[in-house]
Amino acid sequence: MEEYQDEKKIEIGSESLHYLDTTRKWTMFFAILGFIVIGLMIIGGFAAGALMKSMSGLKDIEGMEGMEAAGAAAGVAQVLLLVIILIFAVIYFFPLFFLFRFSTHTSNAIKTLDRNELGKAFRYMKSYWLYIGVLVIILLAIYLII
């Protein structure tokens, strides 16, 4: 005959709920701020690309005849810059997404006192720190190689 164990429980007091709510507000602030920065990065990348493209038109100005090669290089640099910015935007997006989801699930958990919702929130917080940890390890490895 199988024996069933009661699930272990942790009760969270009002002080801990207050700390969670304060943490939720800050993580939401940083997530939204990060999303704004990602948007500005992408807009800046397109603006820099447009600037490079307009500079390639300098070859038509008198005295700037040697700019044909620079114009072709500017086109390659424009694409390369945009690709690099998009890669960094994707890298930055995921930890911000995890922070945002932690905030929303924590808010729902506090409002409804739902332990499953709080579990989802902590899962996103774990994912955030796992992502940051892997990113730091990769960056340290790159620094050691270079």
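Numbering-wise, the sequence shown is residues 3 to 148 according to the working numbering.
Built from N, CA and C at the ideal position, the CB exists for glycine as well.
Fair warning: this is a prediction, and the values are worked out from it, not measured in the lab.
With a cutoff of 9 angstroms on beta-carbon distance, I44 and L88 are scored as near each other.
The region 29-46 makes contact with the region 91-106, as at least three CB pairs between them are under 8 angstroms. Just measuring C-alpha positions, the residue of R26, E17, A143, V39 sitting nearest F95 is V39. By the neighbour-count definition (other C-beta atoms within 10 Å, threshold 16), T24 is an exposed residue. Nearest to F90 by C-alpha distance, out of M127, I147, L42, is L42. By the C-beta density criterion, R117 is exposed, having fewer than 16 other C-beta atoms within 10 angstroms.
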